[in-house]
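Chains as they are written, first to last, in this note's numbering: chain X, 1 to 344; chain Y, 1001 to 1344. These notes concern the structure reproduced below.
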């Protein structure tokens, strides 16, 4: 009896050899009907894969792809350390990619990781990503994806986030209770989940304390603080208002340090002239001048929980009856940058 | 005529199918004699690879593996941004791994990257790596590797480093010229290239200005500052000397901020009681209290030059007649932490 090859199957079914090969490997890239067609035909014809094909057959690579906006950010580097601390012990390699907040790079990274057959993805969305098709298609094909921090509303899967609303509420409340009246909010692009959640917490605190919300005190930075001029322009605009803010609540690492740099260059005294609270995981908050009041996210723990959820999806896909969104508590640490008098 | 398979070749030559397969792909993992044996036999027997094998045949993955100690360090994250800025435009994916300064993880990362068939590696050695066999073996098999920052003496390839000697000399000289007499040096493990180069610059400056070298003023931190207790113990020891230092030159990001934290906790005034200069690329040096004098490495440029050298090795291996070690200039920026009086 002659041996039937993948090429023969492809010819008989009018498919490409690559499609047949992937269908036989049960790849998520091939739709279920095609898989069924190929597998049934292969079985009927008594197809036997060769040893090399067999070595390719186990599609588990024991590796996880991580796509984050940038690694030069304490929040994300701590997140990755959390991911690696769990993954390494469970025998998974962690492959790290930066999107640099670019949609195109995020798509390119995703495609590359999939072509390298990672078992699953952990993603924090790029600030310029509004189209999610590249993730939706993969998930429909069965690739497990867990989102963390910057998560999409429109995709159903496990998500791990900080409790941005409460963190932001507490920061704003603290500024109000410290006697500040005109609290500005410098934040990321409006379509990011973290932006809307933090904005909502800020607004709710103002409302609860009877302070009217003023849109001119909120500035959105499209590049999240990575472009210094954008940062500076937003701060300038606020400082030039008829009633400039007496406090500023900044929504990220870069926006916070960028803001402090502008104040330093302009000789604006913190906290005497303006108080500042940063939503940031910067490691040297207490070494800054003045020491910085921060809302810290449990980045390490977020990474750990996200990778645990992902590995569960990879190893026991059938056991997932519903998806979770876990929201982890932030921590407000009050330092001199936001209180009435300087502490030197 | 019956088709000959890889299995048949393997059986005839008493090799594994995986060896035959890789030999036919001209993989660097197979030694030249075996390749010749396999290829000649395959040709004689009129072996023709199937289309799937063909698609695997082009061993170029257009991806570069990067292994660095840790990403939560401005120097390394800037290095990676330099690497990515060039690689992305030349169509290469950059796959990032952290060794966490562990030899075992560095070996595991290396093996994983090779199994995923990257075209080349960029490596900055883990601080606990003393055995280089995992890299030597790959290079002997033809995998291009370029080292940067923490480079091995015993491997001949392209290397890109900062001019650590001069950077360190200038920092020490600056402290001497500022009137400091007892200058301590807090540094990484002695067997790292950066440690010996920086130590040499420090010693030469002392010598040139007639200050005797005192071994008790030099402390090596095995974990490079990542373990706070180690950091703190080293500083304590120096402060408890009969003649404690009046200045400290720290050799890395972590050692520098760790040192400043200890001084802050102990209420030791900088620069009045002790001056500090850090060999660090920290982004907020001027926002610290006091603003920090730094020796900065051209991390972005180091990454760019290293990846250019690597891609040249990947794409034109025959054009490399000799290996280069490029040494890039550092920049000393003087701020309040090291000068006679505080600038507030």
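Every residue gets a Cβ at the ideal spot worked out from N, C-alpha and C, and that includes glycine. Because the structure is a prediction, the values reported are computed rather than measured.
Mind checking if residue 1339(Y) is an interface residue toward chain X, Cβ cutoff 8 Å exclusive? Answer no: the Cβ-Cβ gap between residue 1339(Y) and chain X never drops below 8 Å.
Find the residues of chain X that neighbour residue 1260(Y), judging by a C-beta separation of less than 9 Å, and give them in chain order. Below the 9 Å Cβ cutoff, chain X contributes 284 and 287 as neighbours of residue 1260(Y), in chain order.
In terms of DSSP beta bridges, what is residue 331(X) paired with? For residue 331(X), the beta-bridge partners assigned by DSSP are 296(X).
If the cut is a Cβ gap below 9 Å, which residues of chain Y does residue 78(X) touch? 1072, listed in chain order.
Give me the residue from 1305(Y), 1023(Y) and 1069(Y) with the minimum Cα distance to residue 1327(Y). Residue 1327(Y) has its Cα closest to that of 1305(Y), out of 1305(Y), 1023(Y) and 1069(Y).
Excluding the 5 residues flanking residue 1303(Y) on each side, which residues of the same chain have their C-beta closer than 6 Å to its C-beta? A distance below 6 Å between beta-carbons, with the five flanking residues on each side excluded, links residue 1303(Y) to the following residues of its chain, in chain order: 1079, 1082 and 1083.
What in chain X is Cβ-close to residue 1095(Y), meaning under 7 Å? Neighbours of residue 1095(Y) on chain X, chain order: 95.
Using the three-state DSSP reduction, which class does residue 1275(Y) fall into: helix, strand or coil? Looking at residue 1275(Y) - three-state DSSP - the assignment turns out to be strand.
Using a Cβ-Cβ distance under 8 Å, would residue 103(X) count as near chain Y? No, because no Cβ of chain Y sits closer than 8 Å to the Cβ of residue 103(X).
Just confirm the distance between the C-beta atoms of residue 291(X) and residue 336(X), as a whole number of angstroms; I'd bet it's less than 8 Å. Residue 291(X) to residue 336(X), Cβ: 5 Å. Contact.
Can you check the stretch 1182-1245 of chain Y for any beta strand (DSSP E) of at least 3 residues that lies completely inside it and give the ranges in chain order? Secondary structure remark: continuous beta strand (DSSP E) runs of at least 3 residues inside the stretch 1182-1245 of chain Y, in chain order: 1183-1187 and 1218-1220.
If I follow the unbroken beta strand (DSSP E) through residue 1067(Y), where does it start and stop? According to the DSSP assignment, residue 1067(Y) belongs to the beta strand (DSSP E) that extends over 1063-1068.
Since residue 1168(Y) contacts residue 1202(Y) with CB under 8 Å, what's their CB separation in whole angstroms? In this structure, residue 1168(Y) and residue 1202(Y) form a Cβ contact; the two beta carbons are roughly 5 Å apart against a cut-off of 8 Å.
Going along the stretch 293-323 of chain X in order, which residues come within less than 7 Å of chain Y, judged by CB to CB distance? Cβ contacts with chain Y: none found.
Taking the beta strand (DSSP E) that residue 250(X) belongs to, which residues open and close that run? Looking at the DSSP string, the run of the beta strand (DSSP E) that includes residue 250(X) is 247-250.
Shortest alpha-carbon distance to residue 264(X) belongs to which of 232(X), 252(X) and 237(X)? Ranking 232(X), 252(X) and 237(X) by Cα distance to residue 264(X) puts 232(X) first.
Would you tell me roughly how many angstroms separate the C-alpha atoms of residue 189(X) and residue 1293(Y), rounded to the nearest one? The alpha-carbon atoms of residue 189(X) and residue 1293(Y) are separated by roughly 35 Å.
Residue range of the unbroken alpha helix (DSSP H) whose run includes residue 9(X): Its alpha helix (DSSP H) spans residues 6-13.
Assuming residue 1094(Y) is part of the beta strand (DSSP E), what are its boundary residues? Its beta strand (DSSP E) spans residues 1093-1098.
Between the stretch 1016-1023 of chain Y and the stretch 1111-1129 of chain Y, do three or more beta carbon pairs fall short of 8 Å? No contact exists between the stretch 1016-1023 of chain Y and the stretch 1111-1129 of chain Y.
Indicate whether at least one CB of chain X lies closer than 8 Å to the CB of residue 962(Y). There is simply no residue 962(Y) to check, as chain Y begins at 1001 and stops at 1344 in what is shown.
Output the boundary residues of the beta strand (DSSP E) element that contains residue 148(X). Residue range 145-148 is occupied by the beta strand (DSSP E) that includes residue 148(X).
Beta-carbon of residue 1110(Y) versus every beta-carbon of chain X: anything under 8 Å? No, residue 1110(Y) lies away from the interface with chain X (no Cβ there is under 8 Å from its Cβ).
For the pair the stretch 96-112 of chain X and the stretch 67-74 of chain X, tell me if three or more CB-CB distances fall below 8 Å. Contact annotation: the stretch 96-112 of chain X touches the stretch 67-74 of chain X, with at least three C-beta pairs closer than 8 Å.
Using beta-carbon positions only, say whether residue 1334(Y) and residue 1247(Y) come within less than 8 Å of one another. No, they are not a contact pair.
Identity of the residues DSSP links to residue 325(X) by a beta bridge: Beta-bridge pairing links residue 325(X) to 159(X).
When the Cα atoms are used, what is the spatial distance from residue 146(X) to residue 157(X)? Approximately 6 Å between the Cα atoms of the pair.
Kindly list, in the order they appear in chain Y, the residues whose Cβ is closer than 9 Å to that of residue 81(X). 1070, 1071, 1072, 1098 and 1100, listed in chain order.
Can you find the residues in the same chain that come closer than 8 Å, C-beta to C-beta, to residue 1159(Y), ignoring five residues on each side of it along the sequence? Contacts found: 1146, 1147, 1148, 1151, 1323, 1324, 1325 and 1326.
Taking the beta strand (DSSP E) that residue 120(X) falls in, what are its first and last residues? Counting along the chain, the beta strand (DSSP E) containing residue 120(X) begins and ends at 120-123.
Taking the beta carbon of residue 1269(Y) as the centre, do at least 16 other beta carbons fall within 10 Å, making it buried, or is it exposed? By the neighbour-count criterion, in which a residue is buried when 16 or more other Cβ atoms sit within 10 angstroms of its Cβ, residue 1269(Y) is exposed.
Counted within 10 angstroms of its Cβ, other Cβ atoms place residue 213(X) as buried (16 or more) or exposed: Result: exposed.
Roughly how many angstroms lie between the CA atoms of residue 1243(Y) and residue 1235(Y), to the nearest whole one? Roughly 13 Å between the two C-alpha positions.
Short Cβ contact (8 Å threshold) for residue 41(X) with residue 63(X): Going by C-beta atoms, residue 41(X) is not nearer than 8 Å to residue 63(X).
Just to confirm the assignment, what range does the alpha helix (DSSP H) spanning residue 136(X) have? Looking at the DSSP string, the run of the alpha helix (DSSP H) that includes residue 136(X) is 133-140.
Find the residues of chain X that neighbour residue 1257(Y), judging by a C-beta separation of less than 8 Å, and give them in chain order. Ordered by position in chain X, the residues that pass the 8 Å Cβ test against residue 1257(Y) are 283, 284 and 287.
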